[in-house]
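Here the protein sequences line up with chains A and B, keeping their order. UniProt numbering numbers the first residue of the first sequence as 1 and each following residue consecutively. UniProt numbering numbers the first residue of the second sequence as 1 and each following residue consecutively. Note sheet for the following structure.
Number of protein chains: 2
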Amino acid sequence: MTDNRVYLFDTTLRDGQQTRGVDFTPADKIAIARALDEIGIDYVEGGWPGANPTDDRFFSEPPALKRAKLVAFGMTRRPGRSAENDPGLAGVLGSKAGAACLVGKTWDFHVDVALEIDRDENVQMIRDSMKLAAKRGFEPMFDCEHFFDGYKANPDYALSCVKAAYESGARWVVLCDTNGGALPHEVSEIVAEVVKVVPGDHVGIHTHNDTENAVANTLAAVRAGARQVQGTINGLGERCGNANIVTLTAILGLKMGYETGVGDKGMKQLKKLSRMLDDRLNRAPNPHAAFVGDAAFAHKGGLHVSAVQKDPKTYEHIDPELVGNQRYILVSDQAGRSNILARFTEIGVEIDPKHPKIQRLVEDVKEKEFLGYSYDTAEASFELLARRTVENVPDYFSIERFRVMDERRFNARGQMVIESEATATVEVAGQRLHEVAVGNGPVNALDLAIRKALSTAYPSIDGVKLMDYKVRILPPPPNSDGTDAVTRVMIESAGPDGTMWRTVGVSANIIDASIMALSDSLTYCLLKSGTEAKVDA
Amino acid sequence: MTDNRVYLFDTTLRDGQQTRGVDFTPADKIAIARALDEIGIDYVEGGWPGANPTDDRFFSEPPALKRAKLVAFGMTRRPGRSAENDPGLAGVLGSKAGAACLVGKTWDFHVDVALEIDRDENVQMIRDSMKLAAKRGFEPMFDCEHFFDGYKANPDYALSCVKAAYESGARWVVLCDTNGGALPHEVSEIVAEVVKVVPGDHVGIHTHNDTENAVANTLAAVRAGARQVQGTINGLGERCGNANIVTLTAILGLKMGYETGVGDKGMKQLKKLSRMLDDRLNRAPNPHAAFVGDAAFAHKGGLHVSAVQKDPKTYEHIDPELVGNQRYILVSDQAGRSNILARFTEIGVEIDPKHPKIQRLVEDVKEKEFLGYSYDTAEASFELLARRTVENVPDYFSIERFRVMDERRFNARGQMVIESEATATVEVAGQRLHEVAVGNGPVNALDLAIRKALSTAYPSIDGVKLMDYKVRILPPPPNSDGTDAVTRVMIESAGPDGTMWRTVGVSANIIDASIMALSDSLTYCLLKSGTEAKVDA
Numbered sequence: 001m002t003d004n005r006v007y008l009f010d011t012t013l014r015d016g017q018q019t020r021g022v023d024f025t026p027a028d029k030i031a032i033a034r035a036l037d038e039i040g041i042d043y044v045e046g047g048w049p050g051a052n053p054t055d056d057r058f059f060s061e062p063p064a065l066k067r068a069k070l071v072a073f074g075m076t077r078r079p080g081r082s083a084e085n086d087p088g089l090a091g092v093l094g095s096k097a098g099a100a101c102l103v104g105k106t107w108d109f110h111v112d113v114a115l116e117i118d119r120d121e122n123v124q125m126i127r128d129s130m131k132l133a134a135k136r137g138f139e140p141m142f143d144c145e146h147f148f149d150g151y152k153a154n155p156d157y158a159l160s161c162v163k164a165a166y167e168s169g170a171r172w173v174v175l176c177d178t179n180g181g182a183l184p185h186e187v188s189e190i191v192a193e194v195v196k197v198v199p200g201d202h203v204g205i206h207t208h209n210d211t212e213n214a215v216a217n218t219l220a221a222v223r224a225g226a227r228q229v230q231g232t233i234n235g236l237g238e239r240c241g242n243a244n245i246v247t248l249t250a251i252l253g254l255k256m257g258y259e260t261g262v263g264d265k266g267m268k269q270l271k272k273l274s275r276m277l278d279d280r281l282n283r284a285p286n287p288h289a290a291f292v293g294d295a296a297f298a299h300k301g302g303l304h305v306s307a308v309q310k311d312p313k314t315y316e317h318i319d320p321e322l323v324g325n326q327r328y329i330l331v332s333d334q335a336g337r338s339n340i341l342a343r344f345t346e347i348g349v350e351i352d353p354k355h356p357k358i359q360r361l362v363e364d365v366k367e368k369e370f371l372g373y374s375y376d377t378a379e380a381s382f383e384l385l386a387r388r389t390v391e392n393v394p395d396y397f398s399i400e401r402f403r404v405m406d407e408r409r410f411n412a413r414g415q416m417v418i419e420s421e422a423t424a425t426v427e428v429a430g431q432r433l434h435e436v437a438v439g440n441g442p443v444n445a446l447d448l449a450i451r452k453a454l455s456t457a458y459p460s461i462d463g464v465k466l467m468d469y470k471v472r473i474l475p476p477p478p479n480s481d482g483t484d485a486v487t488r489v490m491i492e493s494a495g496p497d498g499t500m501w502r503t504v505g506v507s508a509n510i511i512d513a514s515i516m517a518l519s520d521s522l523t524y525c526l527l528k529s530g531t532e533a534k535v536d537a
Numbered sequence: 001m002t003d004n005r006v007y008l009f010d011t012t013l014r015d016g017q018q019t020r021g022v023d024f025t026p027a028d029k030i031a032i033a034r035a036l037d038e039i040g041i042d043y044v045e046g047g048w049p050g051a052n053p054t055d056d057r058f059f060s061e062p063p064a065l066k067r068a069k070l071v072a073f074g075m076t077r078r079p080g081r082s083a084e085n086d087p088g089l090a091g092v093l094g095s096k097a098g099a100a101c102l103v104g105k106t107w108d109f110h111v112d113v114a115l116e117i118d119r120d121e122n123v124q125m126i127r128d129s130m131k132l133a134a135k136r137g138f139e140p141m142f143d144c145e146h147f148f149d150g151y152k153a154n155p156d157y158a159l160s161c162v163k164a165a166y167e168s169g170a171r172w173v174v175l176c177d178t179n180g181g182a183l184p185h186e187v188s189e190i191v192a193e194v195v196k197v198v199p200g201d202h203v204g205i206h207t208h209n210d211t212e213n214a215v216a217n218t219l220a221a222v223r224a225g226a227r228q229v230q231g232t233i234n235g236l237g238e239r240c241g242n243a244n245i246v247t248l249t250a251i252l253g254l255k256m257g258y259e260t261g262v263g264d265k266g267m268k269q270l271k272k273l274s275r276m277l278d279d280r281l282n283r284a285p286n287p288h289a290a291f292v293g294d295a296a297f298a299h300k301g302g303l304h305v306s307a308v309q310k311d312p313k314t315y316e317h318i319d320p321e322l323v324g325n326q327r328y329i330l331v332s333d334q335a336g337r338s339n340i341l342a343r344f345t346e347i348g349v350e351i352d353p354k355h356p357k358i359q360r361l362v363e364d365v366k367e368k369e370f371l372g373y374s375y376d377t378a379e380a381s382f383e384l385l386a387r388r389t390v391e392n393v394p395d396y397f398s399i400e401r402f403r404v405m406d407e408r409r410f411n412a413r414g415q416m417v418i419e420s421e422a423t424a425t426v427e428v429a430g431q432r433l434h435e436v437a438v439g440n441g442p443v444n445a446l447d448l449a450i451r452k453a454l455s456t457a458y459p460s461i462d463g464v465k466l467m468d469y470k471v472r473i474l475p476p477p478p479n480s481d482g483t484d485a486v487t488r489v490m491i492e493s494a495g496p497d498g499t500m501w502r503t504v505g506v507s508a509n510i511i512d513a514s515i516m517a518l519s520d521s522l523t524y525c526l527l528k529s530g531t532e533a534k535v536d537a
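Right, dumping it as structure tokens:
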């Protein structure tokens, strides 16, 4: 082990699971543990055996990990009984984990007020628990709850707890900022004192993001000598979350020159790891996430873009490919030629920069953005527009006419009800189909009627889900008389494989705008799946 | 000015506006600037006059601010022409702002490669621009693009640019980490060098969150001596966002003992400020946001909760009420009560805190917020709900039934047209009126039909304008089967005297939700104008 080696400890499956709304299934836990092992995380904390049936099941048949050590979480022994006879410890030390991370008190105030026991007894609880874990063949770790508050209140007592754990065999003493209130300069100063008592390569750090300093606090601890860092994927966690292990892995390895278990190949999977957690939790990924967000390397503005293309290091702090991400050029109303050309490369269309239609597309985009389209977000609508300019996009279907009726009335039982019913005439596969559907609102009803018409010719669209629907009234353009405000509808759709795409429609009429966005969404889905347009029944 | 005074500079309306998907209307800009002024932010950067029509309009009729200074952003003069003859500078210095923040280069590589000019000419551009801004009566600020990369590459050149700006009258020299790549320890070291050349109370810091260190980098700069901090509400900004001024305000004032323009009262409005931006952007607030997120002080688990109730400082790093937030515990009726009582004071209704109906209102609000209502923003809907609980609100009208038809068809001339037609049956002034109207969409048509029915009895509502209409699909509540997503409609209305009010409606059906919000809006207008309900024709 060199002084430069930092150990990564993931607690997504334990501390991350404490988050409101997070409820991993055993299958989720196994998949996440494997993904963490795959990229080279050193420790995977799987949960708290004895605390709930999911965790019991996970630890009774743990996944086979290649390199990572599986960690079981628990508490040091209770006051007034031996470690051997403690039922909580028995659960942890009876599990099939390789390491045991046991939490205990180091803040005198908590020992006095919460435990209401003698301070020496608390120290003895730590000693006994570490010794028993080692004796049972586990790598022992001591998790110091509220360490920084404890140190501020009574440094001698806090340090005596830490020292006791280390002397009793703890491989790691982990300093926790439990309520997330410590600031980086405090962490720096306090860790510097701790490493005088316990060698830095036995000191870990566990932070929370209550002041947006979880990452900075972790880095401060590492610079002061700590060599184990704890975090969760995407910073998942209670309140404001834990330190984000994705960000920490990238910074420590790519920007600070520390050695971790994550090599170049693992680093390139960081974005995938981040996405995988969102998918498991059925959450929309945060586009602004550091390193791995879709917008993390997004550039806007013609001048800026041409500078990036000259030399990316002018506007990028790392090469996005190192973490499996990519540069993303935003199309906006400042869009110049260079933006548009860069977007063609991104969507995989080879085009001669001097292609005569490029200028027309630049003007088209400008005009449409003036009308209220926002291609920055609606990348699928942009791709359709761009492809239609330079190549053929199949006409999969044509919505000829439709009618929607929303009615609030009394039903046969005398109850007030509201209902939306849509009829649509759609030309598809050489046929004119006329369908009707009822929905939760006019757009939902229309969506259902149109899909009904398309589903025979294109069964794949049955799997497309409407994920989000946003409406904004745009102010009338300058120099207008003020009566011609338009409506912009943005739709986010998802395919059965989890891919997401966004489309836009703009019209004076909200229904019309919705149909445009919807129609683009279905067309995009068919185009990307390589479906051929059917012209005959 | 004391050494302890830190100046807060908000750039939500300028740098925040660069974000994908963000396009503020002039009304948004005015409302945000006023809210920032209200809480005590020192500088409000409003945009870039000359860059786009929205910013031109904003700076030609800027909002009257009580304490904050309005800042116009721009660039230092171009190479090869005098500052007096520079069209870009003319736009900035012709605006009605009080300060001019001009960006320029300090990284030799950018001077050589991007500008392709002599390095001394770049320094002269900085000098000339600062001098002209001062001469024209603006408080001059120099924004050092890529300062930290520039310093790392060539410290002498970077410092000479900074020094030139200061010597030429810059009130502030702002060090920008433009690509967000700097780490806190680097910022510490570099700012410590800068304050040897320019006094710290003339040095500002502007950071981005590409490594999740925007807040930490700002704090590092302040600890090294910088005294102006730039950020955006909720960290809005390109890529991974800017430093979050909400978090910075809270940390600097509450945790580090610096003096800012934000007093106790302003601090208590931080959560409201954060929400206001989300509402303007039609975004769901981040429950995990530091200090102001709904989950930032959420506690779960019996033991934990009783420890918090024994002494909150065991698990909370600050008192949530200091930033206008609250503790969320399952048994938090007390918190709800005081919140509701505070809201009554806000809307000017005197009420006995022991009024028996208060408890019912607390429960009503909780239940409705669970269903998706957002009374934080829809203050007019809240006021109606509150007044209806404790006093009589007249029944001005009753919408009995309606029908809307949206149709896309070919008209008599063979053109494709889309039309929305609504009929509504409204009981008003003892009569049942049946009216029909055509509009730009279903809600517009219904709005017109309802007003047609009301206009004889209540001519004042003719002056009410629908300013904004926002729709959001809310995720289904936990423990549901996932199919019952609901739609929330927020409407912003304006009276003929320019007053604005916001109302909300929630339903599975978008039209139904719209009618609720619309009906609240018209009722609120009649109530506030002191109109008496007409019961007879």
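Ideal Cβ positions, reconstructed from N, Cα and C, are used throughout, including at glycine.
Within-7 Å CB hit, residue i to chain A
i, result
"Gly181/B", "yes"
"Thr523/B", "no"
"Cys240/B", "yes"
"Phe59/B", "no"
"Asp395/B", "no"
"Tyr315/B", "yes"
"Trp221/B", "As written in the sequence, residue 221/B is Ala, which differs from the Trp given in the question. Chain A, which has no Cβ nearer than 7 Å to the Cβ of Ala221/B, makes this no."
"Phe402/B", "yes"
Residue interval of the alpha helix (DSSP H) (run including residue i)
i, result
"Leu281/A", "270-281"
"Lys452/B", "442-454"
"Gln124/A", "119-135"
Which of helix, strand or coil DSSP assigns to residue i
i, result
"Met256/A", "coil"
"Gly150/A", "helix"
"Thr345/A", "helix"
"Gly530/A", "coil"
"Thr487/A", "strand"
"Lys357/A", "helix"
"Phe59/B", "helix"
"Leu433/A", "strand"
"Arg81/B", "coil"
"Arg5/B", "strand"
Beta strand (DSSP E) segment containing residue i, residue limits
i, result
"Lys465/B", "465-474"
"Tyr43/B", "43-47"
"His206/A", "203-206"
"Arg409/A", "397-410"
"Lys105/B", "99-105"
Residue i at chain B interface by Cβ criterion, 7 Å
i, result
"Asn509/A", "yes"
"His206/A", "no"
"Val215/A", "yes"
"Ile347/A", "no"
field: Residues of the stretch 139-163 of chain A with Cβ closer than 9 Å to any Cβ of chain B, in chain order
entry: His146, Asp149
- prompt: Relative to chain A, which residues along the stretch 109-137 of chain B have a C-beta separation below 9 Å, given in chain order?
  reply: Phe109, His110, Val113, Ala114
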